[in-house]
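Visitor: Counting along the sequence shown from 1, when you hit position 796 you're at 796 in this note's numbering, and nothing is skipped either side.
Glycine is no exception: its CB is placed at the ideal position from the N, C-alpha and C atoms.
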Amino acid sequence: MGTNMLLPTVFCILLGSIAAIPQEDFRSNLEWSDYSTNLDEPAYRLRDVVYPTDVNLDLDVYLNHLNFSGLVQIDVQVRENNLRQIVLHQKVVSITGVNVVGPNGPVPLQFPRPYTTDDYYEILLINLDQPINIGNYSIAIRYNGQINANPLDRGFYRGYYYLNNELRVYATTQFQPYHARKAFPCFDEPQFKSRYTISITRDTSLSPSYSNMAIRSAQDVSTSRIRENFYTTPIISAYLVAFHVSDFVSTEYTSTDAKPFSIISRQGATNQHQYAAEIGLKITNELDDYFGIQYHEMGQGALMKNDHIALPDFPSGAMENWGMVNYREAYLLYDENNTNLNNKIFIATIMAHELGHKWFGNLVTCFWWSNLWLNESFASFFEYFGAHWADPALELDDQFVVDYVHSALNSDASQFATPMNHTDVVDNDSITSHFSVTSYAKGASVLKMMEHFVGWRTFRNALRYYLRNNEYDIGFPVDMYTAFKQAVAEDFTFQRDFPNVDVGAVFDSWVQNPGSPVINVARNNNTGVITVNQQRYVLSGAVAPTTWHIPLTWTQHGSLNFNSTRPSTVLSDEIGTINAASGDHFVIFNIAQSGLYRVNYDTNNWQLLASYLKSNNRQNIHKLNRAQIVNDILYFVRSNSINRTLAFDVLDFLRDETDYYVWNGALTQIDWILRRLEHLPTAHAAFSEYILELMNTVINHLGYNEHSTDSTSTILNRMQIMNYACNLGHSGCISDSLDKWRQHRANVSNLVPVNLRRYVYCVGLREGNETDYNYLYSVYNSSENTADMVVILRALACTKHQPSLEHYLQQSMYNDKVRIHDRTNAFSFALQGNPENLPIVLNFLYNNFAAIRETYGGVARLNICLNAIAAFLTDYQTITQFQTWVYSNQLELVGSVGVGNNVVAAALNNLTWGNGAAVEIVNFLNSRSGSTTILASSILILAAMLLQMFR
Ligand SMILES: *[C@@H]1O[C@H](CO)[C@@H](O)[C@H](O)[C@H]1NC(C)=O
Ligand SMILES: *[C@@H]1O[C@H](CO)[C@@H](O)[C@H](O)[C@H]1NC(C)=O
Ligand SMILES: *[C@@H]1O[C@H](CO)[C@@H](O)[C@H](O)[C@H]1NC(C)=O
Ligand SMILES: *[C@@H]1O[C@H](CO)[C@@H](O)[C@H](O)[C@H]1NC(C)=O
Ligand SMILES: *[C@@H]1O[C@H](CO)[C@@H](O)[C@H](O)[C@H]1NC(C)=O
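#1: In its own chain, which residues sit with a C-beta less than 6 Å from the C-beta of Trp-554, not counting the 5 before and 5 after it?
#2: Just tell me which of Tyr-51, Arg-745, Ala-441, Asp-473 has its CA closest to the CA of Phe-360.
#3: Using CA coordinates, which residue listed in Gly-595, Thr-714, Ala-180 is at the minimum distance from Glu-122?
#4: For Gly-576 and Phe-498, what's the separation of their Cα atoms in angstroms?
#5: Would you call the stretch 738 to 747 in contact with the stretch 712 to 728, where contact means no fewer than 3 C-beta pairs closer than 8 Å?
#6: Return helix, strand or coil for Thr-3, following the three-state DSSP convention.
#7: Which ranges does the alpha helix (DSSP H) cover as unbroken runs of at least 4 residues, wholly within the stretch 306 to 370, from first to last along the chain?
#8: Report yes or no: do three or more beta-carbon pairs, one from the stretch 215 to 224 and one from the stretch 71 to 85, lie closer than 8 Å?
#9: Which two residues bound the contiguous beta strand (DSSP E) that contains Phe-68?
#10: Measure the C-alpha to C-alpha separation of Leu-582 and Ser-568 and round it to an integer number of angstroms.
#11: To the nearest angstrom, how far is the alpha carbon of Asn-664 from that of Tyr-51?
#12: In terms of alpha-carbon separation, which member of Asn-64, Ile-74, His-65, Val-49 lies closest to Asn-56?
#13: Identify which residue in Ala-686, Thr-172, Gln-110 has its Cα closest to the Cα of Ile-673.
#14: Between Ala-647, Thr-912, Tyr-143, which lies nearest to Arg-675 when the distance is taken from Cα to Cα?
#15: Would the C-beta of Leu-646 count as close to ligand 5, meaning under 7 Å from any of its heavy atoms?
#16: Using three-state DSSP, classify Ser-641 as helix, strand or coil.
#17: CB-CB under 8 Å to Ser-540, same chain, minus the five flanking residues each way: which ones, in chain order?
#18: With distances taken Cα to Cα, identify the nearest neighbour of Glu-320 among Lys-259, Asp-289, Ser-237.
#19: Can Asn-604 be considered in contact with ligand 5, in the sense that its beta carbon sits closer than 7 Å to one or more heavy atoms?
#20: Please tell me whether, using a cut-off of 7 Å, the distance from the CB of Phe-484 to the nearest non-hydrogen atom of ligand 2 is below it.
#21: So with Cβ pairs under 8 Å, would you call Ser-199 a contact of chain C?
#22: According to DSSP, simplified to helix, strand and coil, what is Thr-423?
#23: Given this structure, state the Cα-to-Cα distance separating Val-506 from Leu-374, to the nearest angstrom.
#24: Would the stretch 136 to 150 and the stretch 197 to 211 be scored as touching if the rule is three or more Cβ pairs under 8 Å?
#25: Is any non-hydrogen atom of ligand 5 found closer than 7 Å to the C-beta of Asn-326, if you look at the structure I gave you?
#26: By DSSP's criteria, Val-532 is part of a beta bridge. Which residues make up the other side?
#27: Under 6 Å from any heavy atom of ligand 6, by CB: list those residues in chain order, please.
#28: When you compare the stretch 234 to 250 with the stretch 298 to 312, are there three or more beta-carbon pairs, one atom per stretch, that lie closer than 8 Å?
#29: Grab me the residues of Asp-424's own chain with a C-beta within less than 7 Å of its C-beta, minus the 5 sequence neighbours each way, in chain order.
#30: Using only the alpha-carbon positions, how far apart do Asp-508 and Met-480 sit?
#31: Just to confirm, is the Cβ distance from Arg-158 to His-821 under 8 Å?
#32: Quick one, are the C-beta atoms of Leu-124 and Leu-71 less than 8 Å apart?
#33: Among Gln-811, Arg-853, Gln-802, Leu-646, whose alpha-carbon lies nearest the alpha-carbon of Asn-923?
#34: Report the three-state DSSP secondary structure of Ala-850 (helix, strand or coil).
#35: Report whether the distance from the Cβ of Asn-643 to the nearest heavy atom of ligand 5 is below 7 Å.
#36: Would you identify the three-state DSSP class for Ser-439, choosing helix, strand or coil?
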């Protein structure tokens with residue numbers, strides 16, 4: 001799936017999401033969700049003794065009645081003699097008839113129970129009267145299905161929109177990873193790949209239906225019903241099947257019949273199709289060239305079409321169904337007046353992600369979800385680099401590092417991190433949770449490291465070998481390693497530089513090991529010998545010793561060179577040595593953060609780096625290394641693996657720093673620390689003031705207004721910096737935003753520039769009154785651009801007018817313009833809006849949790865809300881109150897009590913961390929000349945007292 005898990009929900013928690021950073025909405029989170037039935041059941045897999053080859057699916061769809069009937073006919077190969085039962089998946093409403101035909105005619109089934117269904121395992125068991133032998137058989141199943149009313153239930157589901165205030169409904173599918181069985185009985189695992197021939201009958205009042213392939217023929221069934229027959233698909237897994245019944249409209253973008261390309265959406269939004277078409281076409285062409293396999297020619301006999309459909313309701317970010325990609329509307333539709341640059345970038349990257357899947361996932365499919373990275377890490381890689389080739393001005397090559405490498409390292413810092421090859425993936429729950437940062441961002445970061453290691457051309461050749469050797473089939477990790485070995489064997493330079501290196505073993509160490517390493521660098525400045533030692537990096541907790549094959553890059557003061565990301569050596573043991581020049585020259589490892597590892601240095605090296613970074617030469621160090629240094633250091637502060645005084649001394653160069661990437665590496669973590677001081681008001685105030693002081697230069701450098709010459713990173717930087725500065729109370733940011741808001745309120749045609757809206761709207765509401773809220777709420781309700789609606793939804797929660805915030809929270813449950821996938825976001829936005837919001841949001845939760853669970857879409861959604869609260873419970877009294885609420889509502893909170901308890905534990909941990917770090921932080925702040933001295937000892941006493949009271 002496309003990102004959005006990019007990003008889904010677990011992700012946000014791991015990231016410790018904060019109010020200010022636009023990148024918090026990571027693209028891949030959107031894919032994952034929390035729907036499952038067969039908890040903790042290992043006996044869940046189908047045996048591969050019956051293999052489907054051809055599937056005919058005929059559906060009779062009644063959109064207004066939310067149901068359909070179906071006939072599925074599956075040609076199978078039976079691969080074992082003496083088979084007594086045929087088992088496949090189903091989770092339809094009812095099965096009304098089953099028959100099996102074999103090489104010798106009809107195969108008798110048992111009487112009186114020809115078949116049984118098991119809704120727990122979601123299977124259909126066909127009971128054969130006599131055992132059957134190896135051969136070709138055909139199974140026909142008649143059944144009734146439902147169109148799910150809740151998009152979060154996936155399968156074949158209903159959505160809606162308004163056209164001139166009139167309600168319109170549509171139905172579409174989301175099958176990955178195990179929901180095809182809800183639309184038709186099937187062999188619902190990725191390893192079973194078949195050709196599908198699909199027909200759909202619908203009301204004639206609707207538009208032609210969509211499926212993976214183009215319509216081959218249509219026939220009228222009655223005056224009001226028409227049946228459309230689609231071309232046969234190439235060989236695909238069941239999760240890649242898709243169809244769509246609606247009154248949607250399509251815009252065709254190519255003149256050549258050989259390369260059709262369409263953007264499809266609800267009526268009323270066709271003026272937002274253009275950008276996706278332009279960028280999507282370019283990306284398709286780039287990937288065609290790169291892989292040497294043409295997208296449109298992958299249809300095995302029929303032309304592949306290239307449709308992209310925008311859906312008002314979509315549980316994930318996007319889904320790579322072959323020939324028919326589904327997107328959440330905000331990730332496909334672009335309107336120059338309402339879509340900000342961040343959302344525009346999402347459109348490019350998510351399209352690139354889904355298009356990348358056409359080769360990795362669709363053409364060659366992971367054998368099982370345990371190694372989902374064989375699909376998702378490649379899609380996530382091309383998400384950035386495919387889009388980068390299509391539009392280099394978006395700077396996605398550099399953004400990859402601060403988005404994906406940093407988020408991979410973040411999630412791998414947990415002692416509970418799971419490996420890319422995750423053998424515990426055995427049932428619906430564990431499948432779902434492996435749609436994770438590990439499979440997406442980490443996998444992509446490992447690929448990028450491999451590309452730096454073997455070189456651009458050899459990397460591409462390896463991917464081409466993998467695709468050609470396994471096309472229309474499934475892939476295993478070993479197939480990938482084989483392809484890499486094949487490619488490096490032909491690479492003279494690689495053979496010369498790394499004669500004894502097994503490229504498969506290097507790759508595999510990253511696939512098998514959980515977590516990511518830190519390398520500790522100690523330099524003997526007399527001899528010049530550098531000792532590097534690797535260990536798994538965790539924020540806390542004990543983990544087993546782990547060794548990777550780490551391709552190392554480094555450079556040295558005196559001959560700084562960031563031009564080559566080609567490793568000079570591979571560190572395969574726990575400890576290694578490298579010879580460098582002696583003397584007082586600092587070294588920097590991991591050039592442009594091309595490798596997936598953190599770097600910690602000896603004190604002397606850190607001190608030399610600190611003073612160099614504070615000098616005018618700072619920019620001689622690559623911006624991505626400056627970004628890495630701040631990000632690593634802040635993690636070392638968190639894990640207590642560096643002297644904090646030293647750490648803040650290194651970070652102090654931020655006061656001169658104006659680069660987007662460096663600030664991106666810093667902000668989330670600085671905010672993480674700030675939040676943990678909230679219960680210690682003096683320390684909190686001093687630290688906020690310090691952050692604002694550090695930000696002064698970058699704020700002045702960016703200015704409050706956009707310039708036509710601004711680069712992508714300048715615009716993104718203004719977005720991230722001003723969001724944060726306004727939230728921290730920077731007076732210039734606030735007064736300029738308020739000016740822009742008042743000008744807009746005085747005359748609505750003075751639009752707030754689209755990239756500034758998030759914080760200008762927020763300040764407008766925060767400093768405004770009820771009429772400001774009501775005004776923006778009405779803009780929300782009449783908007784035709786979903787990305788802008790999400791920006792507004794966030795800003796509405798900045799109101800400090802209590803009845804308005806209460807109205808907002810009610811609307812999060814009952815306004816159907818707030819899509820079900822946005823409801824938990826609305827809840828989080830309410831927490832983030834103002835510190836004063838917390839008691840109101842908590843009251844809303846305490847009084848309405850059952851209704852929240854119902855209207856937000858189920859227990860898993862309520863749990864997302866509970867998890868979001870942890871970061872905001874920053875005083876003991878509120879934590880106690882929350883804990884009491886969980887305790888006294890245990891029965892009603894079924895499925896959420898454990899989450900509630902974890903929230904309490906997490907909140908307490910946050911306070912404890914703050915207590916432990918506050919004194920050192922305050923001492924550092926005191927040590928700077930010109931600052932008012934705060935008595936650190938008084939903070940310590942306060943922290944100790946609070947802790948005591950609580951126990
Ligand atoms: C954006 O605004 C301009 C100027 O008002 C207008 O001409 C254009 O049609 C708008 N674009 C869209 C997609 O609505
Ligand atoms: C995945 O890891 C497990 C445990 O280390 C191993 O037994 C298995 O062979 C690996 N699978 C693949 C496909 O690499
Ligand atoms: C790095 O590359 C740039 C641009 O190609 C070149 O100007 C510079 O001299 C190179 N630096 C080193 C140290 O090789
Ligand atoms: C090595 O570093 C120490 C500080 O740790 C410094 O005092 C000494 O002068 C350095 N020696 C050389 C040869 O640079
Ligand atoms: C950390 O470094 C500072 C300044 O170099 C020093 O004064 C302090 O003692 C160090 N703290 C620890 C715990 O080593």
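Guide: Concretely, from the data shown:
#1: Here the question's residue 554 lines up with position 554 in the sequence shown. Result list for Trp-554: Val-587, Phe-589, in chain order.
#2: Walking along the sequence shown from the start, residue 360 turns up at place 360. Considering only alpha carbons, the answer is Asp-473.
#3: Translated into the one-based positions of the sequence shown, residue 122 becomes position 122. Taking only the C-alpha atoms, the option nearest Glu-122 is Ala-180.
#4: Counted from its first residue, the sequence shown places residue 576 at position 576. Counted from its first residue, the sequence shown places residue 498 at position 498. Near 16 Å, if we compare the C-alpha coordinates of Phe-498 and Gly-576.
#5: no
#6: Taking the sequence shown and counting its residues from 1, the one referred to as residue 3 is at position 3. With a pLDDT of 48 at Thr-3, under the threshold of 50, the modelled position of that residue is not reliable, and the figure given next carries that caveat. In the structure shown, Thr-3 sits in coil (DSSP, three-state: anything other than H, G, I, E or B).
#7: 341 to 359
#8: no
#9: Against the sequence shown, residue 68 aligns to sequence position 68. 67 to 78 is the extent of the beta strand (DSSP E) around Phe-68.
#10: Position 582 of the sequence shown holds residue 582. Position 568 of the sequence shown holds residue 568. Looking at the sequence itself, residue 582 is Ser, so the reference to Leu does not match. Ser-582 and Ser-568: Cα-Cα distance of roughly 19 Å.
#11: As a position in the sequence shown, residue 664 is number 664, starting the count at 1. As a position in the sequence shown, residue 51 is number 51, starting the count at 1. Cα to Cα, Asn-664 sits roughly 49 Å from Tyr-51.
#12: By one-based count along the sequence shown, residue 56 stands at place 56. Nearest C-alpha to Asn-56: Ile-74.
#13: Here residue 673 refers to the residue found at position 673 when the sequence shown is read from its first residue. For Ile-673, the nearest C-alpha among the options comes from Ala-686.
#14: Locating residue 675 in the sequence shown gives position 675, counting from the first residue. If we check each option's Cα against that of Arg-675, Thr-912 comes out closest.
#15: Numbered from its first residue, the sequence shown carries residue 646 at position 646. Leu-646 Cβ: within cutoff of ligand 5.
#16: Residue numbering aside, residue 641 sits at position 641 when the sequence shown is read from its first letter. Here Ser-641 sits in coil by DSSP.
#17: If you number the sequence shown from 1, residue 540 lands on position 540. In its chain, beyond the 5 residues on either side, Gln-415, Ser-639 have a beta carbon closer than 8 Å to the beta carbon of Ser-540.
#18: Numbered from 1 along the sequence shown, position 320 holds the residue referred to as residue 320. With distances taken between Cα atoms, Glu-320 lies closest to Ser-237.
#19: Counting from 1 along the sequence shown, the entry for residue 604 is found at position 604. Checking every heavy atom of ligand 5 against the Cβ of Asn-604, none is found closer than 7 Å.
#20: Stepping through the sequence shown from its first residue, residue 484 is reached at position 484. No heavy atom of ligand 2 is found nearer than 7 Å to the CB of Phe-484.
#21: The displayed structure is made up of one protein chain only, and chain C is not part of it.
#22: Indexing the sequence shown from 1 puts residue 423 at position 423. Three-state result, Thr-423: coil.
#23: Residue mapping note: residue 506 aligns to position 506 of the sequence shown, counting from 1. Residue mapping note: residue 374 aligns to position 374 of the sequence shown, counting from 1. Their Cα atoms are separated by approximately 16 Å.
#24: No: the two stretches stay apart, fewer than three of their Cβ pairs being nearer than 8 Å.
#25: Numbered from 1 along the sequence shown, position 326 holds the residue referred to as residue 326. No, Cβ of Asn-326 sits at least 7 Å from all heavy atoms of ligand 5.
#26: Taking the sequence shown and counting its residues from 1, the one referred to as residue 532 is at position 532. BP columns for Val-532 point to Val-521, Gly-576.
#27: Within the structure as shown, ligand 6 is missing, the only ligands being ligand 1, ligand 2, ligand 3, ligand 4 and ligand 5.
#28: yes
#29: Position 424 of the sequence shown, counted from the first residue, corresponds to residue 424. So the list reads Ser-430, once near-sequence residues are dropped.
#30: Position 508 of the sequence shown, counted from the first residue, corresponds to residue 508. Position 480 of the sequence shown, counted from the first residue, corresponds to residue 480. Going from the Cα of Asp-508 to the Cα of Met-480 covers about 10 Å.
#31: Start at 1 with the first residue of the sequence shown, and residue 158 comes out as number 158. Start at 1 with the first residue of the sequence shown, and residue 821 comes out as number 821. Against a cut-off of 8 Å, the Cβ pair of His-821 and Arg-158 comes out as no contact.
#32: Against the sequence shown, residue 124 aligns to sequence position 124. Against the sequence shown, residue 71 aligns to sequence position 71. No Cβ-Cβ contact shorter than 8 Å links Leu-124 with Leu-71.
#33: In the sequence shown, residue 923 corresponds to position 923, counting from 1. It is Leu-646.
#34: For the purposes of this step, residue 850 is identified with residue 850 of the sequence shown, where counting begins at 1. In this structure, Ala-850 counts as helix in the three-state DSSP scheme.
#35: Translated into the one-based positions of the sequence shown, residue 643 becomes position 643. Yes, Cβ of Asn-643 sits closer than 7 Å to a heavy atom of ligand 5.
#36: By 1-based counting over the sequence shown, the position of residue 439 is 439. If DSSP states are grouped into helix, strand and coil, Ser-439 belongs with the helices.
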